[in-house]
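In full-length UniProt numbering, the protein residues as written are 1 to 658.
Here a beta-carbon is modelled for each residue, glycine too, at the ideal position from N, C-alpha and C.
The structure under discussion appears below in the form of structure tokens.
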């Protein structure tokens, strides 16, 4: 132990480290001779890492990173500057555009005011010139005769002040038509004198002040009533088909179809395979419609089971609304129209055999089979209603839909004359209104059926008179009918729409007014289309139709004054009646003969109703006024001015005040 301690004391630690390093260096040289040189960055055998090259490389990377960061910061500053400049320029441009638009609006307002001022000045000048002519002609006549004419004898009684003042000047609608005809360049000027017309500057030769009888006569345009506008229906239909997915709500319908067990046919499996195919878009819808068509024909003609038909027709209607113009071709349109008409014929025969008047008594029970028939009818009418709107988009589709117009009109007319629910009646009327005018074959067939003297044909007087309380809405659900088929087999009729114990309800006054408005709209459409029928405008010439519309107008007007509630709907019905009567007066071959040909009392109702509408007179014992639309009041005043003499006006005033 002592020797070891001495040895440790003699040897210095630094010397010991030096010896160890020499030994390691000799060993490393021998090893390097045998092994290849180590790669860059590898550790030495002593375990000490080569940190120097890594530090240098790290320094280089840090420098590059700093340079890139400085460049990025500079690029960001340049980008922000350019962005601010661009936003500033856009704001300046927008402000300039707004200022320019405001200047243009101010200029337009100034020009409108100037135009109004000039127009009023022109009217005043024209009125003053007329007064000067009248006074001058009166003075000339008095000077030539040298005598004063004796005044005409006064009548026994003059108009009342409130009634007579309305005929002093032309009505507003007449003034508007006169102004429009004077300013409209599309009208043709016809010179009534024998003087020549200069073709160089377009002026009429002669005194245009009326001195030589060369006043120009404007050819009037045919008046088109606003009731024929289909813009609102088209807009609602377009909104409906654009917010709708083609197969979105059909899963539940397909599940309900599976319970019918179409095991004896491959059409149901074909329908499911079509939905599961990889085809998308309009091609999928076409294949789906073809599969539905085959399954419907199999169900109706071979299986003779109408229970699944409402579900299949519901699938058809939703599929057609996907993209009408790309999905339905003229051939497809004709195929579906003929198929639906055939189904409607079969259902009509079944309904005709049932007891009529089943919707009249609230205590009656309706068989489930009858409910199934009406479900199929309503589903078919829904499909036809959709097809009629689609046909308005294209002439080829329209011609295909109304290809067999005679058969189509006859089928639709069957359901107008049968005892059907009022919602089915509404669908039929809307389909007929969507009938296109050219080439007038469908209109001609409709007019022929309307005016046919055969029994049980459509009579507007019957529809107008017996509609309230005689028809029924049919808002029944498919599942309810099928559940009752296995239970009681009958459905009771309810008069209260809020009574959820029942499934049917009688038509209220609001639905009755809607049906009446559709009837008047159909008469208006047929009257316009019948002007091109060779046999003459029998709709306009028929005093029965005119009398029924007059009675409807008088009844709605009386209800508007004497019955509370529903005043707005009644006034809209009155407005439709007034517009139709205006059209009849415009298109009738001999307007003065309209009133004498009416039934007893209709002529007086006509005059009194028009007077009350024109001047908002409440009648005897009524103080509250009912205000109509200004256009309706103008039309009523025009009709009174055209067909009222002085004695007739006194009779009207006496009927209104006594």
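CA-to-CA distance, residue j to residue i, given in whole angstroms
i           : j           : result
residue 324 : residue 430 : 19 Å
residue 392 : residue 383 : 15 Å
residue 337 : residue 298 : 17 Å
residue 320 : residue 343 : 18 Å
residue 519 : residue 553 : 13 Å
residue 110 : residue 98  : 18 Å
residue 57  : residue 93  : 53 Å
residue 375 : residue 349 : 15 Å
residue 638 : residue 108 : 34 Å
residue 634 : residue 381 : 38 Å
residue 589 : residue 609 : 23 Å
residue 64  : residue 70  : 10 Å
residue 567 : residue 329 : 45 Å
residue 248 : residue 318 : At residue 248 the pLDDT is 45, less than 50, meaning the model places this residue with poor confidence; the figure from the coordinates comes in the next sentence. Answer to the nearest angstrom: the Cα atoms are 9 Å apart.
residue 560 : residue 585 : 25 Å
residue 611 : residue 641 : 10 Å
residue 84  : residue 77  : 11 Å
residue 351 : residue 296 : 20 Å
Buried or exposed by the 16-neighbour rule on C-beta atoms within 10 Å, applied to residue i
i           : result
residue 390 : buried
residue 127 : exposed
residue 90  : exposed
residue 569 : buried
residue 556 : buried
residue 310 : buried
residue 66  : exposed
residue 129 : exposed
residue 75  : exposed
residue 546 : buried
residue 369 : exposed
residue 401 : buried
residue 100 : exposed
residue 86  : exposed
residue 724 : Shown here, the chain extends from 1 to 658; a query on residue 724 therefore has no answer.
Top-ranked residue by Cα proximity to residue i, from the options
i           : options               : result
residue 427 : 396, 522 and 370      : 522
residue 446 : 525, 103, 549 and 541 : 525
residue 286 : 386, 316 and 18       : 316
residue 424 : 399, 404, 397 and 385 : 385
residue 305 : 627, 512 and 346      : 346
residue 544 : 581, 512, 74 and 125  : 581
residue 587 : 539, 574, 631 and 558 : 539
residue 373 : 68, 415 and 397       : 415
residue 513 : 571, 129 and 131      : 571
residue 632 : 577, 101 and 598      : 577
residue 575 : 435, 550 and 367      : 550
residue 290 : 367, 313 and 406      : 313
Under the three-state DSSP convention, the category residue i falls into
i           : result
residue 367 : strand
residue 618 : Since pLDDT at residue 618 reaches only 48, below the 50 mark, its modelled position is unreliable, and the value read off the structure follows with that caveat. The answer is coil: DSSP assigns residue 618 none of H, G, I, E or B.
residue 636 : helix
residue 77  : helix
residue 96  : helix
residue 329 : coil
residue 306 : coil
residue 605 : helix
residue 590 : coil
residue 336 : helix
residue 404 : coil
residue 612 : helix
residue 641 : helix
residue 126 : helix
residue 293 : helix
residue 117 : helix
residue 382 : helix
residue 627 : coil
residue 375 : helix
residue 350 : helix
residue 412 : helix
residue 598 : coil
residue 659 : Since the first residue shown for the chain is 1 and the last is 658, residue 659 is missing from the structure and cannot be characterised.
Element boundaries [alpha helix (DSSP H), containing residue i]
i           : result
residue 309 : 309-320
residue 392 : Looking at the DSSP string, residue 392 is not in any alpha helix (DSSP H), and its letter there is neither H nor E.
residue 435 : Run containing residue 435: none; DSSP gives neither H nor E here.
residue 576 : 567-587
8 Å Cβ cutoff, residue i in contact with chain B
i           : result
residue 627 : The structure shown has no chain B; it contains just one protein chain.
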